[in-house]
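Asker: After the structure tokens below, expect a handful of questions from me.
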DNA sequence: GTCTATAGTCGGATAGAC
DNA sequence: GTCTATCCGACTATAGAC
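Protein chains in written order, with my numbering: chain A, 1 to 212; chain B, 1001 to 1212.
See the structure below:
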């Protein structure tokens, strides 16, 4: 019933998340999709192009899935918490794994790079949007570079995803700490007026010094 | 002159950082080392075992190189700054790339996992040691889980390393933001006595609530 | 569009001479 | 320990029948 191209893309997604990039051959993907191996080349030309399409599609569907949750975030602490939940559920589904695998492969295969970069940009744009919204009223707004911070956050998610693959316990400890950090950041961000004035005064001193 | 085993390990390190895991075949490594391909199997049994040894050696030498610099760190802000410098110089040398490549490969190749995990642990131990030392006197020491935070930091380094491979500009923005964050964290950590009292009071409320 | 068949390449691994 | 030679499997990609 499903179109062959779709079946191949779905097969690529499944193979990438379960077997990794090393196992994502035209043969393995075609088998997973239940179609003939030659159709990979008929429909996509090369394996890389199929993987690129799969990367794009997998990422788009996941980002769309989380858009509502990101939109509901109203503090950095909440953002960290959503990130923690995202990490847990994506580990189970293997969707972030696809991006991580292709990102690693793209280091030395420039044919994969554009698709991977685009996939990452989808996540980054979402994080940037949330960060821009919730840091606008922060006492430290002037010190926060939203685009750069969004890229750090996205990189951390990829790194944690990969770390969890070799050390589930270590990654669990890291995620638990994310939760603690969420609390800490909220506390700092929600400092009372007295502390906030002291913080602002210190920041002014630092910025003046930096301007010199 | 150099021992053949050493030449192979060096060759593996060079190939891994320049061609990635996908290009790290016994033939490619042997060529880079200037020795016969069959010697890979004579000395190491399988390619994976050679890669594991290469991972261990490359990581150990880099961690040793940075130990002195880590030891000189006396604040979280300084730690972030050392991390930023480390990121820049390791990108040039390609040494962190080895760990990132093998980490991605280890997701679906459990024979690589132990060596990669051990390599990561070397970095994590170093970061833990610094974090434990410099957070001891922090006003938020009770809220910081050092082992978990060390794992987050290590994961971020890996993630940034990979991100830089597909988006040098994006990674540069992220690194610049790390520098800003270093300042921000120092400021928060170095709050004056008034703000510090306010922060402690808030933390107590949060912890009391969490205990309930 | 889909299949079979196959060319051509590369990689892991081993046997056996030296 | 090191080399040559080689087996065998897996891979990308294409040609050509249907």
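Each residue gets a CB set at the ideal place from its N, CA and C atoms; glycine is no exception. Remember, predicted model here, so these are calculated numbers, not experimental data.
If distances are taken between C-alpha atoms only, which option among 58/A, 12/A, 189/A and 133/A comes closest to residue 47/A?
Answerer: With distances taken between Cα atoms, residue 47/A lies closest to 12/A.
Asker: Would the region 154-169 of chain A and the region 1160-1174 of chain B be scored as touching if the rule is three or more Cβ pairs under 8 Å?
Answerer: Judged by Cβ distances under 8 Å, the region 154-169 of chain A makes contact with the region 1160-1174 of chain B, as three or more pairs qualify.
Asker: Does the beta carbon of residue 213/A sit closer than 8 Å to a beta carbon anywhere in chain B?
Answerer: Nothing can be reported for residue 213/A, as the shown portion of chain A is limited to 1 through 212.
Asker: Assuming residue 1051/B and residue 1102/B form a contact by the criterion Cβ under 8 Å, report the distance between their Cβ atoms to the nearest whole angstrom.
Answerer: About 6 Å; that satisfies the 8 Å criterion.
Asker: Determine the burial state of residue 1032/B: buried for a count of at least 16 other Cβ atoms within 10 Å of its Cβ, exposed for fewer.
Answerer: Its Cβ being crowded by 16 or more others within 10 Å, residue 1032/B is buried.
Asker: Which bits of chain B does residue 163/A rub up against, with CB to CB less than 8 Å?
Answerer: Going along chain B in sequence order, the residues near residue 163/A (Cβ under 8 Å) are 1103, 1120, 1151, 1154, 1155 and 1158.
Asker: Does residue 92/A have its Cβ less than 8 Å from a Cβ in chain B?
Answerer: Judged by the 8 Å Cβ criterion, residue 92/A is not in contact with chain B.
Asker: So, for residue 95/A: in the same chain, excluding its five sequence neighbours on each side, which residues have a beta-carbon less than 7 Å away from its beta-carbon?
Answerer: Cβ within range, chain order: 17, 58 and 62.
Asker: Whether or not the region 83-97 of chain A and the region 109-116 of chain A are in contact is what I'm after, with contact meaning three or more pairs of Cβ atoms, one per stretch, closer than 8 Å; do they touch?
Answerer: The region 109-116 of chain A is not in contact with the region 83-97 of chain A.
Asker: Can a CB atom of chain B be found closer than 8 Å to the CB of residue 117/A?
Answerer: True, the Cβ-Cβ gap to chain B drops below 8 Å.
Asker: Going by the CB atoms, is the gap between residue 1040/B and residue 1028/B shorter than 8 Å?
Answerer: Cβ distance not < 8 Å, so residue 1028/B and residue 1040/B don't count as in contact.
Asker: Check whether the region 1075-1087 of chain B touches the region 126-137 of chain A, taking contact to mean three or more Cβ pairs, one atom from each stretch, closer than 8 Å.
Answerer: They do not touch, by the three-pair rule.
Asker: Pull up the distance between the alpha-carbon of residue 1111/B and that of residue 1175/B, whole angstroms please.
Answerer: In a straight line, the C-alpha of residue 1111/B is about 33 Å away from that of residue 1175/B.
Asker: Is residue 1208/B buried or exposed, if buried means 16 or more other CB atoms sit within 10 Å of its CB?
Answerer: Looking at its Cβ environment, which holds fewer than 16 other Cβ atoms inside 10 Å, residue 1208/B is exposed.
Asker: Can you give the beta carbon distance from residue 1178/B to residue 1080/B, rounded, assuming they're within the 8 Å contact cut?
Answerer: Their Cβ separation, rounded to whole angstroms, is 5 Å, which keeps residue 1178/B and residue 1080/B in contact under 8 Å.
Asker: Does DSSP classify residue 1167/B as helix, strand or coil?
Answerer: In this structure, residue 1167/B counts as coil in the three-state DSSP scheme.
Asker: Could you give the distance in angstroms between the alpha-carbon of residue 141/A and the alpha-carbon of residue 1065/B?
Answerer: Between residue 141/A and residue 1065/B, the C-alpha separation is close to 36 Å.
Asker: Pop quiz: residue 1077/B and residue 151/A are said to be a contact at Cβ under 8 Å. What is the actual Cβ separation, rounded to whole angstroms?
Answerer: Between residue 151/A and residue 1077/B the Cβ distance is about 20 Å, and since that is not below 8 Å, they are no contact.
Asker: For residue 39/A, go through chain B and note every residue whose CB falls closer than 7 Å to its CB, in chain order.
Answerer: By Cβ distance, chain B contributes nothing, its closest Cβ being about 24 Å from residue 39/A, past 7 Å.
Asker: Between residue 105/A and the rest of its own chain, which residues show a CB-CB distance below 7 Å, the 5 nearest in sequence each way excluded?
Answerer: Result list for residue 105/A: 21 and 112, in chain order.
Asker: Can you look up residue 1036/B in the DSSP assignment and give me helix, strand or coil?
Answerer: It is coil, neither helix nor strand.
Asker: Is it buried or exposed, residue 1083/B, if we count other Cβ atoms within 10 angstroms and call 16 or more buried?
Answerer: Its Cβ being crowded by 16 or more others within 10 Å, residue 1083/B is buried.
Asker: Do residue 1126/B and residue 1067/B have their C-beta atoms closer together than 8 Å?
Answerer: Cβ distance < 8 Å, so residue 1126/B and residue 1067/B count as in contact.
Asker: Less than 8 Å between the beta carbons of residue 15/A and residue 24/A, yes or no?
Answerer: Yes. Within cutoff.
Asker: What residue does the alpha helix (DSSP H) around residue 48/A start on, and which one ends it?
Answerer: Start and end: 47-71.
Asker: How would you label residue 1071/B, buried or exposed, when you count the other beta carbons within 10 angstroms and need 16 or more for buried?
Answerer: Its Cβ having fewer than 16 others within 10 Å, residue 1071/B is exposed.
Asker: Report yes or no: is there a C-beta of chain B within less than 8 Å of the C-beta of residue 148/A?
Answerer: Chain B, which has a Cβ nearer than 8 Å to the Cβ of residue 148/A, makes this yes.
Asker: Are residue 9/A and residue 38/A closer than 8 Å when you measure CB to CB?
Answerer: Not a contact, by the Cβ cut-off of 8 Å.
Asker: For residue 1148/B and residue 173/A, which I take to be in contact (beta-carbon distance under 8 Å), what is that distance rounded to the nearest angstrom?
Answerer: About 4 Å separates the two Cβ atoms, so the contact holds.
Asker: Drop a sphere of 10 angstroms on the beta-carbon of residue 1007/B, count the other beta-carbons inside from all chains shown, and report buried for 16 or more, exposed for fewer.
Answerer: Under this definition residue 1007/B is a buried residue.
Asker: By alpha-carbon positions, which one of 1091/B, 1075/B and 1188/B ends up nearest to residue 107/A?
Answerer: Of the listed residues, the one whose Cα sits closest to residue 107/A is 1091/B.
Asker: I want to verify the contact list: residues of chain B whose CB lies under 7 Å from the CB of residue 132/A, in sequence order.
Answerer: Those within 7 Å of residue 132/A in chain B number zero; the least Cβ separation is about 14 Å.
Asker: Establish whether the CB of residue 281/A and some CB of chain B are separated by less than 8 Å.
Answerer: Outside the displayed span of chain A (1 to 212) sits residue 281/A, for which this structure offers no information.
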